[in-house]
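Novice: Okay, here's the structure, questions in a sec.
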Amino acid sequence: MMTNQVKNCYTSCCCNRLPHTADWGKNELICFASYHSVVVYDPKLNNYGLILSTLHGHSDRVNSVFWIKTAPGRSENEIVSASSDGMAIIWTFTNKECTSYTNKVLKMNQSISYCDAVYLSPSNCDKLIVTYSINGNLYVWLQKSNNEAVIIQKITFQKAILTELKLTLLPNKTKDYVLPLLLAATDECSISLYSTELNISQKSSNKIFHGFQKIETLSGYKCWITGIDTIHLDVNTLMVASGLQNGMIYVWKIELNEHESLVSNGVKLKKQQFFLAKQKYEITLDSILSGHDASVNGLQWNLGVDFNSTPEKTLKLLSCSQDKTAIIWKENKEGKIWSDIARLGNISDNSSEYYCCRMKYDGKSILVTDYYGQLHLWEYEPDLNVWRPRVAPGGHFSNVVDLCWEPDGRYLITTSLDQTTRIHAPWKLDNGEYSWHQISRPQIHGYSLTSLAILGAFKFASGAEEKVIRVFEAPEVFKDFFRNSNSFLRGSVASTLPVLGLTNKAIIQSEPQVESNLLKLNERFNEVTNFNVPPSEGVLAQFTLWPEVQKLYGHNYEIFAMATSNNKKLLATSAKTKLSKEHSAIILWDTCTWSQHQKLSSHELTVTQIAFSPDDQSIVSVSRDRRWSLFCKEKDKDTYTLQKISNNNFHTRIVWCCAWTHDSAYFATGSRDAQVGIWDKNSKEFENCLPVAKLKFSKEDSIRAVAFSHTSLPLEYILAIGFENGIIDLRKLIRSKNTYEWIPITILSQSIAHHLAIRRLSFRPNFTKEKKLQLASCGDDTMVKIFDIYLE
């Protein structure tokens, strides 16, 4: 019997492109929304950080994620997330070792745009949660200890639209009451303050909640408010920052006032007043900050140590904007004037607007997310007084549709509908272990990419929704990264993406002007690049493109599937079939001459996947016409002929995938009819188009991907099956004489594997560790994952 342990050693994913989709807690963990899931990332592990968990509970895009803030000095252990599926979920972090989470669900009937939560007391787990629904209503929830949360109030904004909200607590010196404060910004260009007196006296067995009431309005804005954050400066003072569409930032001060008036530099300040729990509060507009040229999307206060490492804590404000910059603001205590002390971002034309920003509790690290869902991290170096970019998680921001291993398994290449191709590789750590990272973004295209094929160690081909197959070859800079050695470009071929261009073009030293431009590129490259660490997002976006070396024309419609022979001499491609059976033909390309080698015709509809047998003697293809075709190489020739095409005796729906065993003896097919068939081309059943072994799942378990491991014991095969719902099923197939037995290995759930359809599975070749396999997967949830599978 076989037992196993599966470990997710790598997850590549992006952050949803919204302002409230990332947070950094005092526990030093980062949580961020990635499509329908919540990702927890530890930036300290493995030198360069490690994704600990992908929490699956939502069925639509996650719009808001926060660590629920605790008392000062205490670490958070709960996350609140809200989604377009109408659910808000509270995730409780119960075990840091295995990242175990339990969740409580708050269900709504409408998409939730914003959410926030606050503990009512440091001594218990009672909390208030607010959610804003797309129907224009704001709901207030109360959760007592471990009980279910219940709605205790509904706030309607009538015709106004909420643009921002923030839930916090007012400064308070009474012991029997908590004074929650809700700041709600609307399209009327103002912030409404709501509060109430919540009785938490020990004499009362139940919380007495009278409902939020509007107590004051912060006005004077010239446009919409796009960001709000608050911080308790001391026991009497609450600071409020609000960012605007015009790039301005307003800083307000709410003080529990025990004096007659507020005075600054001998001048009596204009103030607003309100009373709660027999206490007087005064609101003052403290400052207006101008530094951004476009809408401020994110704000965060920080009360950490100063950059000069003195023990004194200083108040700082981090802001990010659509102008592609993040700014750190600090108040000059002598003149009470705010000024920017650091400005980050806007490093190239490849950068994009920033959506969300977070600062580590000590104020010495910054996280920013951009329009493309990439995470940017900067860390302050006090010795040099500079901010250095560091490695951060990142990935595709749309469906990942294909992946391939380099022939020797040294790196993984993936492609996506986000119009990019990315390369992932292991990076050796100081302790001898490896961590995985993106090391190149070889292709940025003008069309959605659909397929991929590796042509050698440093060459690949990709297909897109444009009928053209493009071939790319690695520049020397990628090889230097791959060798993990410091090197100059040495005048070698580099690559750039022209303005309004569809694909990359090579930069070659042939003219004085080109040589000058290349020299400038080299200088810039050496300024920002350190070969001793994996590349940061800025380096990936600017310096890791591969030049295009060839275009192949032959298909009438969008490219759909690609595959290469194991000797890399042939490239097989298929395209969508729309008007004629002729369009479903597979074209074989000679990779030496780039001419059409042969056309293979058999299917009537689009060929969905093509696979060469490991010995290159056979090709199997599967199609939307519910059939598979087997082509075999003619004796003493380099051409293939059709040997067998199946009927509809087995598969009754679209056949999505196929794969060969490592010994070329069997191939597998998987279909939307939830069946896997194992076919032996030398068996009697083969003549009747019947499989020698099969697996039948429930009707809902549509199969999208299959893959065999590259090595196994004689007459034993390990098969990975990927489903439409994102689950991966690992099975072992054992042949004994003429019987076949399936032995379950493990099932990877949606929280471990994927939460949407899996598009491709592939075992890492030439991975020779004893009793250990590595499996790569990608799917419609935009994620790429690599699993270590331990076998006993």
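All residue numbers in the sequence shown are consecutive under full-length UniProt numbering, ending with 792.
Note that the Cβ used here is the ideal one computed from N, Cα and C, for glycine as well.
1) Over the uninterrupted beta strand (DSSP E) stretch that includes residue 687, give me the two end residues.
2) Of all the options 155, 17, 435, which has the alpha carbon lying nearest to the alpha carbon of residue 46?
3) For residue 88, which three-state DSSP category applies?
4) Could you say which of 165, 589, 399 lies nearest to residue 192 if we only look at CA atoms?
5) Between the beta-carbon of residue 297 and the beta-carbon of residue 414, is there less than 8 angstroms?
6) Does the stretch 677-687 come close enough to the stretch 571-589 that 3 or more CB-CB pairs lie under 8 angstroms?
7) Excluding the five sequence neighbours on either side, which residues of its own chain have a C-beta within less than 6 angstroms of the C-beta of residue 379, listed in chain order?
8) Going by alpha carbons, who is nearest to residue 209 out of 646, 177, 157, 271?
9) Please classify residue 542: does DSSP put it in a helix, a strand, or coil?
10) Specify the secondary structure class of residue 732 as computed by DSSP and reduced to three states.
11) Helix, strand or coil for residue 581? Go by DSSP, reduced to three states.
12) From which residue to which residue does the beta strand (DSSP E) around residue 631 run?
13) Between the alpha carbons of residue 126 and residue 144, how many angstroms are there, rounded?
14) For residue 752, which residues in the same chain have their Cβ closer than 6 angstroms to its Cβ, ignoring the five residues on either side in sequence?
15) Please state whether DSSP places residue 216 in a helix, a strand or coil.
16) Taking C-alpha atoms, which residue in 433, 431, 114, 536 lies nearest to residue 441?
17) Taking a contact to mean a Cβ-Cβ separation below 8 angstroms, would you say residue 562 touches residue 432 in this structure?
18) Tell me whether the beta-carbon of residue 54 lies closer than 8 angstroms to the beta-carbon of residue 39.
19) Exposed or buried, residue 71, counting other C-beta atoms within 10 Å across all chains shown (16 or more means buried)?
20) Note down the Cα distance separating residue 773 from residue 704, rounded to an integer number of angstroms.
21) Starting from residue 116, follow the beta strand (DSSP E) in both directions and report where the run begins and ends.
22) Short of 8 angstroms in beta carbon distance, which residues of its chain neighbour residue 880, apart from the five on each side in sequence? Order them along the chain.
23) Please list the terminal residues of the continuous beta strand (DSSP E) segment that includes residue 386.
24) State yes or no: is the C-beta of residue 317 within less than 8 angstroms of the C-beta of residue 392?
25) I'd like to know whether the C-beta atoms of residue 326 and residue 386 end up nearer to each other than 8 angstroms.
26) State the start and end residues of the unbroken beta strand (DSSP E) segment that holds residue 655.
27) Measure the alpha-carbon distance for residue 186 versus residue 162 and round it to whole angstroms.
28) Does the Cβ-Cβ distance between residue 626 and residue 654 come in under 8 angstroms?
29) Quick one: using the 10 Å Cβ neighbour count with 16 as the cut-off for buried, is residue 238 buried or exposed?
30) Helix, strand or coil for residue 479? Go by DSSP, reduced to three states.
31) Give me whichever residues DSSP pairs with residue 426 in a beta bridge.
32) DSSP three-state label for residue 812, please.
33) Report the CB separation of residue 719 from residue 731 in whole angstroms; it is logged as a contact under 8 angstroms.
34) I'd like to check one pair, residue 117 with residue 68: are the Cβ atoms closer than 8 angstroms?
35) Taking 8 angstroms as the limit between beta carbons, can you name the residues of its chain near residue 650, skipping five residues before and five after?
36) Thinking C-alpha only, which one of 781, 791, 790 is nearest residue 12?
Specialist: Based on what the coordinates show:
1) Residue 687 sits at position 687 when you count from the first residue of the sequence shown. Per DSSP, residue 687 is not a residue of any beta strand (DSSP E); the alpha helix (DSSP H) it occupies stretches across 684-687.
2) The residue given as residue 46 occupies position 46 in the sequence shown. The alpha carbon of residue 46 has as its nearest neighbour, out of 155, 17, 435, the alpha carbon of 435.
3) Here residue 88 is taken as the residue at index 88 of the sequence shown, counted from 1. Reduced to three states, the DSSP call for residue 88 is strand.
4) Reading the sequence shown from its first residue, position 192 is the one you call residue 192. Cα-wise, what sits closest to residue 192 is 165.
5) In the sequence shown, counting from the first residue as 1, residue 297 sits at position 297. In the sequence shown, counting from the first residue as 1, residue 414 sits at position 414. With contacts defined as CB atoms closer than 8 angstroms, residue 297 and residue 414 fail to qualify as a contacting pair.
6) The stretch 571-589 is not in contact with the stretch 677-687.
7) Against the sequence shown, residue 379 aligns to sequence position 379. Same-chain partners within the cutoff: 365, 388, 390.
8) As a position in the sequence shown, residue 209 is number 209, starting the count at 1. If we check each option's Cα against that of residue 209, 177 comes out closest.
9) Taking the sequence shown and counting its residues from 1, the one referred to as residue 542 is at position 542. If DSSP states are grouped into helix, strand and coil, residue 542 belongs with the helices.
10) Position 732 of the sequence shown, counted from the first residue, corresponds to residue 732. Here residue 732 sits in strand by DSSP.
11) What you label residue 581 is simply residue 581 of the sequence shown in a count that begins at 1. Residue 581 falls in the helix class under three-state DSSP.
12) Stepping through the sequence shown from its first residue, residue 631 is reached at position 631. Unbroken beta strand (DSSP E) run through residue 631: 628-633.
13) Translated into the one-based positions of the sequence shown, residue 126 becomes position 126. Translated into the one-based positions of the sequence shown, residue 144 becomes position 144. The alpha-carbon separation between residue 126 and residue 144 amounts to approximately 4 angstroms.
14) The residue labelled residue 752 in the question sits at position 752 within the sequence shown. The beta carbon of residue 752 sits closer than 6 angstroms to none of the beta carbons in its chain outside the five residues before and after it.
15) Counted from its first residue, the sequence shown places residue 216 at position 216. Assigned with DSSP and collapsed to three states, residue 216 falls in strand.
16) On the sequence shown, position 441 is the one that residue 441 refers to. Nearest option by C-alpha distance: 536.
17) Here residue 562 refers to the residue found at position 562 when the sequence shown is read from its first residue. Here residue 432 refers to the residue found at position 432 when the sequence shown is read from its first residue. Going by C-beta atoms, residue 562 is not nearer than 8 angstroms to residue 432.
18) Reading the sequence shown from its first residue, position 54 is the one you call residue 54. Reading the sequence shown from its first residue, position 39 is the one you call residue 39. In this structure, residue 54 sits near residue 39, with a CB-CB distance shorter than 8 angstroms.
19) What you label residue 71 is simply residue 71 of the sequence shown in a count that begins at 1. Per the 10 Å Cβ criterion, exposed.
20) In the sequence shown, residue 773 corresponds to position 773, counting from 1. In the sequence shown, residue 704 corresponds to position 704, counting from 1. Their Cα atoms are separated by approximately 21 angstroms.
21) Position 116 of the sequence shown, counted from the start, is the residue given in the question as residue 116. Annotation for residue 116: the continuous beta strand (DSSP E) segment containing it runs 112-119.
22) Only positions 1 to 792 of the chain appear in this structure, which leaves residue 880 out of reach.
23) Residue mapping note: residue 386 aligns to position 386 of the sequence shown, counting from 1. First-last of the beta strand (DSSP E) with residue 386: 386-390.
24) Working through the sequence shown from its first residue, we reach residue 317 at position 317. Working through the sequence shown from its first residue, we reach residue 392 at position 392. Going by beta carbons, residue 317 and residue 392 fall outside the 8 angstroms limit.
25) What you label residue 326 is simply residue 326 of the sequence shown in a count that begins at 1. What you label residue 386 is simply residue 386 of the sequence shown in a count that begins at 1. It is not a contact, given that the beta carbons lie outside the stated cut-off.
26) If you number the sequence shown from 1, residue 655 lands on position 655. Annotation for residue 655: the continuous beta strand (DSSP E) segment containing it runs 655-660.
27) Within the sequence shown, residue 186 is the residue found at index 186, counting from 1. Within the sequence shown, residue 162 is the residue found at index 162, counting from 1. Roughly 4 angstroms between the two C-alpha positions.
28) Mapped onto the sequence shown, residue 626 falls at position 626. Mapped onto the sequence shown, residue 654 falls at position 654. In this structure, the beta-carbon distance from residue 626 to residue 654 falls below 8 angstroms.
29) Indexing the sequence shown from 1 puts residue 238 at position 238. Residue 238 comes out buried.
30) Numbered from 1 along the sequence shown, position 479 holds the residue referred to as residue 479. In this structure, residue 479 counts as helix in the three-state DSSP scheme.
31) Position 426 of the sequence shown holds residue 426. Answer by DSSP bridge pairing, in chain order: 436.
32) Examination of residue 812 is not possible in this model, given that the chain is present from 1 through 792 alone.
33) Translated into positions along the sequence shown, residue 719 becomes position 719. Translated into positions along the sequence shown, residue 731 becomes position 731. Going by Cβ atoms, the distance from residue 719 to residue 731 rounds to 5 angstroms, so yes, they are a contact pair.
34) By one-based count along the sequence shown, residue 68 stands at place 68. By one-based count along the sequence shown, residue 117 stands at place 117. Their beta carbons are under 8 angstroms apart, which means residue 68 touches residue 117 by this criterion.
35) The residue labelled residue 650 in the question sits at position 650 within the sequence shown. When the five nearest sequence neighbours on each side are left out, the beta carbons in the same chain lying within less than 8 angstroms of the beta carbon of residue 650 are those of 675, 677, 689, 690, 691, 694, in order along the chain.
36) Within the sequence shown, numbered from 1, the residue matching residue 12 stands at position 12. Of 781, 791, 790, the residue nearest in Cα terms is 781.
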